[in-house]
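Novice: In the working numbering, the protein residues as written are 49 to 829.
Pasting in a structure now, in structure tokens, and then I'll have a few things to ask.
In structure tokens:
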């Protein structure tokens, strides 16, 4: 018999696995640690740990010269002794009763460590949530169960009436009970139960179980595992959807294994219905599905449809506590969840029989992790699907150029849905040249005359409005009119942004805040000028110009509390909000039929950055936000304000012409040897001392020159490696660190990795200097 957890997982674990005390068994365990080391360390397995040690379990072992007790992951168990001449240390303890990383995830994390050039232990540490590592949401409970008849003491000891009643209650339950629970049921004290244990009539044992806090709670926006409500009927498919669905369904029923699809469907074409049918098909086969979405809190409609169609759905997002995340992981691992919906880390969900991975809005930058390990969830999902031999469905109205190129080369199967559902037309897009737009009267100048008139007409006809401005705050630039001094962060080479609500100047990178200046800190003269435009100032302008309408701002400043997105979007859907203003978080995942006007207040934000992806990102956000209009019977229009109306990414986005844009941009990338035609890595050297960072950057440059020569001497001359740098980063100082960077490119990924490994092996940073390696970087600043 096994003691039940609150979720009845039926898995018994000892609360605290014992430390090793016995002699060496002849087995050895290879262990990796959360360190930037590509090394497996071999430890002897004591006899009393033979039954518990295993691949995918965490262990305690002495590490380093001082033998500090350190937690690592066991990645191999063998009877082959290490070849090293020095004495092999022994494991101290096995921390997990069952492996928390299965064979599929072991292979996947090994690939991540190899491809992204980081330690295997670092990857494993990042993959397993803190709530699992720390047993958050669980507690150790004391259970009792009757001693088997053959093991009862002879003669049987006498018992008190209370003890007899407790014993009878336990036997009637037919399962182990917590001591406190048995005492409550038998209406006695725990001392009565302890007496039965002492007399040999009950056996006591400990087990770690889930607490209520470790389970799912509340609403979908707060991290609940969603049991399916009344099933929703599948929608009728149009011709495009039927054609796409037949190809996906064939892959799900074939034994062909890995099959990657890129679904290019315009906004409103019904991609979600294809996802749902594919997931339903997988669940019917007794398998599980993983769905990756860029912003979990902005897809309430999608999540609601998942929970109505696809069985038990677990939602994973950043607002979960460690206890909730740990509970989610354990429930997925024990097969209680059929569908996992989440952001990038959900790609590591410990499913038992994975049948499909879906990536919605696969082009989104948020799928790229910006800390070690710097993986891209889309690429990891591709590799996981390949390793597990399952279909992969990636969808977007504006696919990444990497995925588009893969489809063109035949690596992915391209599926196209060029029309909206119910034959609705794409919204008309008008580009407004701000260079010739009449200046509006008053102190605010964000909304031009053309956009203002369209807004008034929309509100008069009872339509709703979405306005995009991808910059938060009130004033983005504060300077002195007397001497020209610009308010900058004391930790970064970045201008401070004025936030009127909190009455502070704020750095959007490191979080530094200071009170607004009354006088210039440089020349002490009054008259600081607050310029630039953020969502907070735009909101104020709307309230001034449209006093009878309800406007709500949606950005990271206003949406910080759990459930904020859900409340605002519900109010918008119910017509309680007339104008929704926000950053890029309102550009995707929203489907409101009454939105008849979308305005882009400044399309040039982000277009002129020193980043080769700036045009692609601008096109994507314009096309995505334009797709929020015209989803109902009323139709819709989009107005785009810009100072560069002739830029291809703006003109082609206004024509909903992704194919032409992709062709032009790919030609530009090929000419300049940028991804996807050349692979790229970015190395950043940083130190709080500028001289130290610069000196090590020069050391790295010499190491690159030597490594390149070796690669060419080894026959890799045909795949030239292009090295740019060292140079100061576009933002030279961030959070008090001075930064230099290298950009390394090659048409051959293998050669690129060979050169980087050679450099990493010989160039060790001195104390006080750090450097980061970012394969396939997304941030170039």
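Heads up, the beta-carbon is just placed ideally off N, CA and C, and yes, glycines get one too.
Note that the structure is a prediction, hence the values are computed from the model and not measured.
Is it buried or exposed, residue 745, if we count other Cβ atoms within 10 angstroms and call 16 or more buried?
Specialist: The sequence position of residue 745 within the chain shown is 697, counting from 1. Label assigned to residue 745: buried.
Novice: Ordered along the chain, which non-local residues of its own chain (more than five positions away) have a Cβ less than 8 angstroms from that of residue 395?
Specialist: Within the chain shown, numbered from 1, the residue matching residue 395 stands at position 347. Spatial neighbours of residue 395 in its own chain (CB-CB distance under 8 angstroms, excluding positions within 5 residues in sequence) are listed in chain order as 338, 340, 405, 425, 428, 429, 432.
Novice: Let's test the definition: count the other Cβ atoms within 10 Å of the Cβ of residue 526 and tell me whether it reaches 16, buried, or not, exposed.
Specialist: Taking the chain shown and counting its residues from 1, one reaches residue 526 at position 478. So residue 526 counts as buried.
Novice: Which residue marks the beginning of the beta strand (DSSP E) containing residue 761, and which one marks its end?
Specialist: In the chain shown, residue 761 corresponds to position 713, counting from 1. Neither: residue 761 is in no beta strand (DSSP E) and is coded neither H nor E.
Novice: At a cut of 8 angstroms, does the segment 594 to 603 reach the segment 571 to 581 through at least three beta carbon pairs?
Specialist: no
Novice: Can you list, in chain order, the residues of its chain whose CB lies under 6 angstroms from that of residue 814, leaving out five sequence neighbours each side?
Specialist: Taking the chain shown and counting its residues from 1, the one referred to as residue 814 is at position 766. Excluding its 5 nearest sequence neighbours in each direction, residue 814 has no C-beta neighbour in its own chain below 6 angstroms.
Novice: What's the gap between the Cα of residue 264 and the Cα of residue 97?
Specialist: Position 216 of the chain shown, counted from the start, is the residue given in the question as residue 264. Position 49 of the chain shown, counted from the start, is the residue given in the question as residue 97. Its pLDDT being 43, under 50, residue 264 is placed unreliably in this model, and the value from its coordinates should be taken loosely. Rounded to the nearest angstrom, the two C-alpha atoms are 34 angstroms apart.
Novice: To the nearest angstrom, how far is the alpha carbon of residue 278 from that of residue 228?
Specialist: In the chain shown, the residue the question calls residue 278 occupies position 230. In the chain shown, the residue the question calls residue 228 occupies position 180. For residue 278, the predicted model reports a pLDDT of 48, less than 50, meaning its position is unreliable and no value from the coordinates is stated.
Novice: Answer yes or no: do residue 309 and residue 441 have a C-beta to C-beta separation smaller than 7 angstroms?
Specialist: Translated into the one-based positions of the chain shown, residue 309 becomes position 261. Translated into the one-based positions of the chain shown, residue 441 becomes position 393. For residue 309 and residue 441, yes; Cβs fall inside 7 angstroms.
Novice: With 16 other CB atoms within 10 Å as the buried threshold, where does residue 850 fall?
Specialist: This structure does not reach residue 850, given that the chain is present from 49 up to 829, and the question cannot be answered.
Novice: Looking at C-alpha atoms only, which residue of 127, 160, 75 is the closest neighbour of residue 86?
Specialist: For the purposes of this step, residue 86 is taken as residue 38 along the chain shown, with counting starting at 1. Cα-wise, what sits closest to residue 86 is 160.
Novice: Quick one, which of 176, 517, 751, 93 has its alpha-carbon nearest residue 150's?
Specialist: As a first step, residue 150 is located in the chain shown; it is residue number 102 there, counting from the start. Cα-wise, what sits closest to residue 150 is 176.
Novice: Tell me the residue span of the beta strand (DSSP E) that contains residue 465.
Specialist: Here residue 465 refers to the residue found at position 417 of the chain shown. From DSSP, the beta strand (DSSP E) with residue 465 extends over 461 to 465.
Novice: Rounded to whole angstroms, what is the Cα-Cα separation between residue 353 and residue 331?
Specialist: To locate residue 353, count along the chain shown from 1; it is residue 305. To locate residue 331, count along the chain shown from 1; it is residue 283. Those two C-alpha atoms are separated by around 15 angstroms.
Novice: Return the Cβ separation of residue 412 and residue 342 in integer angstroms, given the expectation that the two are a contact with Cβ distance under 8 angstroms.
Specialist: For this step, residue 412 is matched to residue 364 along the chain shown. For this step, residue 342 is matched to residue 294 along the chain shown. Their Cβ separation, rounded to whole angstroms, is 4 angstroms, which keeps residue 412 and residue 342 in contact under 8 angstroms.
Novice: Whose C-beta lies closer than 6 angstroms to the C-beta of residue 400 among residues of the same chain, with five residues either side of it excluded?
Specialist: As a working mapping, residue 400 is identified with position 352 in the chain shown. Same-chain partners within the cutoff: 383.
Novice: Would you tell me roughly how many angstroms separate the C-alpha atoms of residue 649 and residue 318, rounded to the nearest one?
Specialist: Locating residue 649 in the chain shown gives position 601, where the first residue counts as 1. Locating residue 318 in the chain shown gives position 270, where the first residue counts as 1. Distance between the alpha carbons of residue 649 and residue 318 is about 28 angstroms.
Novice: Where does residue 206 fall in DSSP's three states?
Specialist: Stepping through the chain shown from its first residue, residue 206 is reached at position 158. Residue 206 falls in the coil class under three-state DSSP.
Novice: Would you give the residue range spanned by the beta strand (DSSP E) that residue 819 belongs to?
Specialist: Mapped onto the chain shown, residue 819 falls at position 771. Segment 817 to 823, the beta strand (DSSP E) holding residue 819.
Novice: Excluding the 5 residues preceding and the 5 following residue 422 in the sequence, name in chain order all residues of the same chain whose CB lies nearer than 6 angstroms to its CB.
Specialist: Counted from its first residue, the chain shown places residue 422 at position 374. Leaving aside the five residues that flank residue 422 on each side, the residues in its chain whose CB is nearer than 6 angstroms to its CB run, in chain order, 164, 822.
Novice: Between residue 740 and residue 817, is the Cβ-Cβ spacing less than 7 angstroms?
Specialist: For the purposes of this step, residue 740 is identified with residue 692 of the chain shown, where counting begins at 1. For the purposes of this step, residue 817 is identified with residue 769 of the chain shown, where counting begins at 1. Going by C-beta atoms, residue 740 is nearer than 7 angstroms to residue 817.
Novice: Write down the C-beta distance between residue 102 and residue 313 rounded to the nearest angstrom, noting that I regard them as a contact closer than 8 angstroms.
Specialist: Taking the first residue of the chain shown as 1, we reach residue 102 at position 54. Taking the first residue of the chain shown as 1, we reach residue 313 at position 265. At roughly 45 angstroms, the Cβ-Cβ gap does not stay under 8 angstroms, so residue 102 and residue 313 are not in contact.
Novice: Near residue 275, which residues of its chain fall below 7 angstroms by C-beta distance, leaving aside the five closest residues on each side in sequence?
Specialist: Taking the first residue of the chain shown as 1, we reach residue 275 at position 227. At residue 275, the pLDDT of 44 sits below 50, so the modelled position is not reliable; the number obtained from the coordinates is stated separately. Taking C-beta separations shorter than 7 angstroms and ignoring five residues to either side along the sequence, the partners of residue 275 in its chain run 360, following chain order.
Novice: Name the DSSP bridge partner or partners of residue 578?
Specialist: Here residue 578 is taken as the residue at index 530 of the chain shown, counted from 1. Beta-bridge annotation (DSSP): residue 578 is paired with 526.
Novice: To the nearest whole angstrom, what separates the beta carbons of residue 686 and residue 698, a pair I think is in contact under 8 angstroms?
Specialist: Position 638 of the chain shown, counting from 1, holds the residue named residue 686. Position 650 of the chain shown, counting from 1, holds the residue named residue 698. Contact flag wrong, Cβ pair sits at about 12 angstroms.
Novice: Using the rule of at least 16 other Cβ atoms within 10 Å of the residue's Cβ for burial, across every protein chain shown, is residue 56 buried or exposed?
Specialist: For the purposes of this step, residue 56 is identified with residue 8 of the chain shown, where counting begins at 1. Here the model assigns residue 56 a pLDDT of 34, short of 50, so the residue's position is not dependable and the matter cannot be decided.
Novice: Can you say whether residue 13 is buried or exposed, counting buried as having 16 or more other CB atoms within 10 angstroms of its CB?
Specialist: Residue 13 lies beyond the residue range present for the chain, which begins at 49 and ends at 829; the question has no answer from this structure.
Novice: Exposed or buried, residue 127, counting other C-beta atoms within 10 Å across all chains shown (16 or more means buried)?
Specialist: Numbered from its first residue, the chain shown carries residue 127 at position 79. So residue 127 counts as exposed.
Novice: Which residue's Cα is closest to the Cα of residue 535: 564, 485, 681?
Specialist: Taking the first residue of the chain shown as position 1, residue 535 is located at position 487. Among 564, 485, 681, the Cα nearest to that of residue 535 belongs to 564.
Novice: Considering residue 442, what are the terminal residues of the beta strand (DSSP E) in which it resides?
Specialist: Working through the chain shown from its first residue, we reach residue 442 at position 394. Run containing residue 442: 439 to 444, per the beta strand (DSSP E) assignment.
Novice: Which complete alpha helix (DSSP H) runs does the segment 359 to 396 hold, if anything under 4 residues is left out?
Specialist: Note on the segment 359 to 396: whole alpha helix (DSSP H) runs with a minimum of 4 residues are 370 to 381, in chain order.
Novice: Using a Cβ distance threshold of 8 angstroms, determine whether the segment 556 to 563 contacts the segment 498 to 513, with at least three qualifying pairs required.
Specialist: no
Novice: Is the CB-CB distance between residue 732 and residue 789 below 7 angstroms?
Specialist: As a first step, residue 732 must be located in the chain shown, where it is residue number 684. As a first step, residue 789 must be located in the chain shown, where it is residue number 741. For residue 732 and residue 789, yes; Cβs fall inside 7 angstroms.
Novice: Could you name the residues of the same chain whose beta carbon sits closer than 8 angstroms to that of residue 11, not counting the 5 residues immediately before and after it, in chain order?
Specialist: With the chain represented from 49 up to 829, any question about residue 11 goes unanswered, as that position is not in the structure.
Novice: By the three-class DSSP mapping on this structure, what secondary structure does residue 18 have?
Specialist: In this structure the chain extends from 49 to 829, so residue 18 is not present and cannot be described.
Novice: Does DSSP put residue 4 in a helix, in a strand, or in coil?
Specialist: Summary: the structure shown does not reach residue 4, with the chain confined to residues 49 through 829, and so no result is reported for it.
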